[in-house]
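Engineer: Quick note on numbering: the working numbering labels position 80 of the sequence shown as 80, and the sequence is numbered without any gaps. The beta-carbon is built from N, C-alpha and C at its ideal position, and this holds for glycine as well.
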Amino acid sequence: MLTSEKVEIFKKYKGYYDGYHIQSNGNVKVISDDEWFLLSNLMQDIYLIRNGLSAKSFEKSVNELLSKNCDTEETIHLVFQLEKYLNEPKSN
1 MLTSEKVEIF KKYKGYYDGY HIQSNGNVKV ISDDEWFLLS NLMQDIYLIR
51 NGLSAKSFEK SVNELLSKNC DTEETIHLVF QLEKYLNEPK SN
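Okay, structure coming up:
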């Protein structure tokens, strides 16, 4: 189950799994590998939706996936914010 804590950790590492894996080596991982890859895939899916590059049926399936895998509406909102943070161009 995705939580706000897990989304924040993913954000800290900017989706870089190896960095997270190396830093947590020997410690209990807060995010499972499956959750990490779910978030990674959601970043791509939400990017496509946000940029109008997907069908309504795809958008519906992503929203259902979010509802099924996030603990609260706040977490869903954080996932959408995270996608923008990771994918929008940064100004200098």
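Below 7 Å CB to CB, which residues in the same chain sit around Asn69 once its five sequence neighbours on both sides are set aside?
Structural biologist: Contacts found: Met1, Leu2, Leu38.
Engineer: Can you name the residues that DSSP bridges to Leu2?
Structural biologist: Per DSSP, Cys70.
Engineer: CA-CA distance, Tyr17 and Val7?
Structural biologist: C-alpha separation (whole angstroms): 13 Å.
Engineer: Taking Leu42 as the reference, which of Ser24, Ile76, Val30, Ile31 has the closest Cα?
Structural biologist: Of the candidates Ser24, Ile76, Val30, Ile31, the one whose C-alpha sits nearest the C-alpha of Leu42 is Ile76.
Engineer: Between Ile31 and Ile9, is the Cβ-Cβ spacing less than 8 Å?
Structural biologist: Their beta carbons are under 8 Å apart, which means Ile31 touches Ile9 by this criterion.
Engineer: Here's a check: name, in chain order, each residue in its chain whose Cβ is nearer than 7 Å to the Cβ of Ser40, leaving out the five neighbours to either side.
Structural biologist: The residues are Gly15.
Engineer: State the CB to CB distance for the pair Leu82 and Lys11, rounded to an integer number of angstroms; the pair is presumed to be in contact (CB under 8 Å).
Structural biologist: That pair is a contact at about 5 Å.
Engineer: Could you tell me whether the Cβ atoms of Ile49 and Glu59 are closer together than 8 Å?
Structural biologist: A contact, by the Cβ cut-off of 8 Å.
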